[in-house]
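Below you'll find the structure, written out as C-alpha cells, and then a few comments.
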Amino acid sequence: MTLHRLSSFTYSVPNVAEVISYYTEFGLTDNGDSSLATVDGGTQLYVEQGPYRRISAIRLGADDPDDLGRIASSLAALGVDSAVAADRLVTTEPIMKLRVEIVVEQRTAQPAAARAPFNAPGRVERTNSRAAGILRNGQVKPRRLGHVALVSGESESSLTFFADGLGFKISDFAGDKSSAFMRCSADHHNVAVFSGPVSFPHHSSWQVDDIDDIGRGAEDLLTANADRRGWGFGRHYAGSNFFWYLKDPAGTFSEYYADMDQITDDDLWTPEVCEGKAGFYKWGPVPENFMPPGDIADLIAAQNT
Ligand SMILES: [Fe+2]
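The numbering of the sequence shown is this note's numbering, which starts it at 78 and goes up by one.
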C-alpha cells in the first residue's frame with residue numbers, strides 16, 4: 078500500500094478557543110499554537126477560524142516519493158489537478174472542497190498496550206485482585222487519530238476521488254453503495270464518506286487502549302456537561318469497534334474507539350454492503366440527532382448564503 082496513515086486534519090470552526098478547550102478535555106495535548114497532539118501520533122488536529130464547522134484539510138502519510146507521482150497520474154485521469162513537490166502532493170477534493178496533502182513520512186510505531194487479564198466462563202485470568210480498568214484514575218489520553226467521517230453532497234464523486242484517485246481501499250459499503258468505509262492503512266477505515274444534502278464533517282475518531290478507557294473518557298466528559306451526549310456505549314458492525322461519541326462545542330461528534338478490525342491481507346477481506354441497523358451497529362441504540370445531526374438545517378443555510 079502506498080499510503081500508510083491518516084496523519085492529521087484541520088478543523089475550521091467559529092469558536093476556536095472553545096473547541097481547543099473541549100479537545101484538551103477529551104484527552105488531546107494542547108500544543109499552544111491551535112494544534113493538538115495524541116500520545117503516539119504526534120500533532121493530529123489543527124483548529125482554525127471559519128464561519129461554520131467543516132473539515133478543511135486532511136494530511137495523509139505515504140511511504141515513498143514514487144507514490145506521489147502515481148497518485149498524481151490517477152488524479153489526472155479523473156480530471157483533478159494536483160501539485161507535486163519533493164516530498165508532498167497537494168490536491169483538493171472537488172465536492173467537499175477538502176484540501177488533501179500527502180506527505181512522505183515515517184509510519185507510526187505504537188508501543189503495545191498492556192494486556193489486562195480478563196475473566197470469562199471457564200477462563201480465569203485474574204484472581205485475588207480487582208480489574209486493572211477500575212484502578213486507573215488518570216485522564217484518558219487517545220493514542221492516535223483513527224478516522225474522519227465526512228458527509229458529502231455528491232458522495233459517489235467523493236468516493237471515486239478517494240478510491241480511484243488516492244488509492245484508498247473500500248472496506249465496506251453502506252446503504253445503496255453511495256457511502257463507504259475506506260482505508261489507507263490496516264485500520265478498517267481511515268475515512269468514511271456518507272451521502273447527505275450538503276457536505277459537513279460527521280465525526281472524528283480517536284483510538285484508546287480498551288473499553289475501560291472509552292467508558293472512563295465518556296464518563297468524565299458527560300459528568301462535566303451532559304449536553305455532549307452523542308451515541309454510546311455500543312459496538313459497530315462495520316469495523317467491529319467499540320464506540321462512544323460525544324458532541325464537541327461546534328457540533329461535530331468525537332468518538333473514542335477500541336478494538337477495530339485490522340485488514341492486513343486484502344485477499345482475505347470481503348467488503349459487504351452494510352444496510353440499516355444490522356450493518357451500522359451490532360448493539361447500542363442510536364439516538365435522534367445523530368445522523369443527520371441536530372444542526373443540519375443550520376449547515377444547509379450557512380452553505381447557501
Ligand atoms: Fe467512527
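Ideal Cβ placement from N, Cα and C applies to all residues, glycine included.
Subject >> Through-space distance from R312 to D286, alpha-carbon basis >> reply: What you label residue 286 is simply residue 209 of the sequence shown in a count that begins at 1. What you label residue 312 is simply residue 235 of the sequence shown in a count that begins at 1. Their backbone Cα atoms lie some 15 angstroms apart in a straight line.
Subject >> Shell residues, 5 angstroms Cβ cut-off relative to heavy atoms of ligand 1 >> reply: This criterion selects S282 and E332.
**OP:** For R130, decide whether its Cβ has a neighbour in chain C, counting only Cβ atoms nearer than 8 angstroms.
**Re:** The structure shown contains no chain C, having only a single protein chain.
Original post:
Mapping DSSP to helix, strand and coil, what is F357?
Top reply: Residue numbering aside, residue 357 sits at position 280 when the sequence shown is read from its first letter. Here F357 sits in helix by DSSP.
Original post:
On the three-pair Cβ rule with 8 angstroms, is the segment 170 to 180 touching the segment 130 to 149?
Top reply: Remark: three or more beta-carbon pairs, one from each stretch, lie closer than 8 angstroms, so the segment 170 to 180 and the segment 130 to 149 are flagged as touching.
Original post:
Can you tell me whether A226 is buried or exposed, with buried defined as 16 or more other CB within 10 angstroms of its CB?
Top reply: Working through the sequence shown from its first residue, we reach residue 226 at position 149. The C-beta of A226 has 16 or more other C-beta atoms within 10 Å across all chains shown, which makes the residue buried.
Subject >> Test item: CB-CB of S84 and R136 under 8 angstroms >> reply: The residue labelled residue 84 in the question sits at position 7 within the sequence shown. The residue labelled residue 136 in the question sits at position 59 within the sequence shown. The Cβ atoms of S84 and R136 sit closer than 8 angstroms to each other.
Original post:
Terminal residues of the continuous alpha helix (DSSP H) containing A154?
Top reply: Taking the sequence shown and counting its residues from 1, the one referred to as residue 154 is at position 77. Per DSSP, A154 belongs to the alpha helix (DSSP H) from P142 to A154.
Original post:
Exposed or buried, what is E332 when buried is set at 16 or more other beta-carbons lying within 10 Å of its beta-carbon?
Top reply: Along the sequence shown, one-based indexing puts residue 332 at 255. Result: buried.
**OP:** Check the DSSP bridge columns for P278 and list the partner residues they point to.
**Re:** Here residue 278 refers to the residue found at position 201 when the sequence shown is read from its first residue. L227, per the DSSP bridge assignment.
Original post:
Hey, would you say V124 sits closer than 8 angstroms to V90, going by beta carbons?
Top reply: Looking up residue 124 in the sequence shown gives position 47. Looking up residue 90 in the sequence shown gives position 13. A distance below 8 angstroms separates the beta carbons of V124 and V90.
Original post:
Apart from the five residues on each side of it in sequence, which residues of its chain come closer than 8 angstroms, Cβ to Cβ, to D141?
Top reply: Mapped onto the sequence shown, residue 141 falls at position 64. Setting aside the 5 residues that flank it on each side, D141 is surrounded in the same chain by T79 and V181, each with a C-beta closer than 8 angstroms to its C-beta; the list follows chain order.
Original post:
Just curious, the beta strand (DSSP E) that T115 is in, first and last residue?
Top reply: Working through the sequence shown from its first residue, we reach residue 115 at position 38. Where T115 is concerned, the enclosing beta strand (DSSP E) stretches over S112 to T115.
Original post:
Between the Cα of D264 and the Cα atoms of V217, Q121, S282 and D107, which residue gives the shortest distance?
Top reply: Your numbering for residue 264 matches position 187 in the sequence shown. Of V217, Q121, S282 and D107, the smallest CA-CA separation from D264 is found for S282.
**OP:** Give me whichever residues DSSP pairs with T120 in a beta bridge.
**Re:** What you label residue 120 is simply residue 43 of the sequence shown in a count that begins at 1. Answer is A114, bridged to T120.
**OP:** Mind checking who D249 pairs with in its DSSP beta bridge?
**Re:** Residue 249 sits at position 172 when you count from the first residue of the sequence shown. Beta-bridge partners assigned by DSSP to D249: F258.
Subject >> Local conformation of Y129 per DSSP, three classes >> reply: Counting from 1 along the sequence shown, the entry for residue 129 is found at position 52. Here DSSP, grouped into helix, strand and coil, assigns Y129 to coil.
**OP:** Compute the distance between the beta-carbons of P326 and V96, then report whether it is under 8 angstroms.
**Re:** Here residue 326 refers to the residue found at position 249 when the sequence shown is read from its first residue. Here residue 96 refers to the residue found at position 19 when the sequence shown is read from its first residue. Contact flag set, yes.
Original post:
Contact check, G104 vs V217 under 8 angstroms by CB: the rounded distance?
Top reply: For the purposes of this step, residue 104 is taken as residue 27 along the sequence shown, with counting starting at 1. For the purposes of this step, residue 217 is taken as residue 140 along the sequence shown, with counting starting at 1. About 5 angstroms separates the two Cβ atoms, so the contact holds.
**OP:** Return the chain-ordered list of same chain residues with a C-beta closer than 6 angstroms to the C-beta of D290, the five sequence neighbours on each side being excluded.
**Re:** Locating residue 290 in the sequence shown gives position 213, counting from the first residue. Here the set comprises V217.
Subject >> Validate contact between the segment 341 to 349 and the segment 243 to 253 using beta carbons, cut 8 angstroms, 3 pairs >> reply: The segment 341 to 349 vs the segment 243 to 253: in contact.
Original post:
Tell me which same chain residues have a C-beta within less than 6 angstroms of the C-beta of A193, skipping the five on either side of it?
Top reply: Translated into positions along the sequence shown, residue 193 becomes position 116. Here the set comprises A209.
Original post:
Which residues bound the alpha helix (DSSP H) around E182?
Top reply: As a first step, residue 182 must be located in the sequence shown, where it is residue number 105. No alpha helix (DSSP H) contains E182, which DSSP labels as neither H nor E.
Original post:
Using a Cβ-Cβ cut-off of 8 angstroms (strictly less than) and excluding sequence neighbours within five positions of S234, which residues of its own chain qualify?
Top reply: On the sequence shown, residue 234 is found 157 positions in, with the first residue counted as 1. These residues qualify, in order along the chain: P171 and I172.
Original post:
Exposed or buried, which one is G109 when buried takes at least 16 other CB atoms within 10 Å?
Top reply: Locating residue 109 in the sequence shown gives position 32, counting from the first residue. Label assigned to G109: exposed.
Original post:
For A269, which of helix, strand or coil comes out of DSSP?
Top reply: In the sequence shown, residue 269 corresponds to position 192, counting from 1. Note: A269 maps to strand in three-state DSSP.
Subject >> CA-to-CA distance, S206 to P219, given in whole angstroms >> reply: What you label residue 219 is simply residue 142 of the sequence shown in a count that begins at 1. What you label residue 206 is simply residue 129 of the sequence shown in a count that begins at 1. Rounded to whole angstroms, the gap between the alpha carbons of P219 and S206 is 26 angstroms.
Subject >> Unbroken beta strand (DSSP E) run spanning E332, endpoints >> reply: Stepping through the sequence shown from its first residue, residue 332 is reached at position 255. F330 to A335 is the span of the beta strand (DSSP E), which, as asked, contains E332.
Original post:
Can you pull the DSSP bridge partners for Q386?
Top reply: Shown here, the chain extends from 78 to 382; a query on residue 386 therefore has no answer.
Subject >> For D343, the nearest candidate out of A153, P198, R131 and C261 (CA to CA) >> reply: Looking up residue 343 in the sequence shown gives position 266. That would be C261, whose Cα lies nearest to the Cα of D343.
Original post:
What span of residues does the beta strand (DSSP E) with L166 cover, start to end?
Top reply: If you number the sequence shown from 1, residue 166 lands on position 89. Element bounds for L166: R165 to E170.
Subject >> Best match in E102, P369 and G316 for proximity to G215 [C-alpha to C-alpha] >> reply: Numbered from 1 along the sequence shown, position 138 holds the residue referred to as residue 215. Of E102, P369 and G316, the residue nearest in Cα terms is E102.
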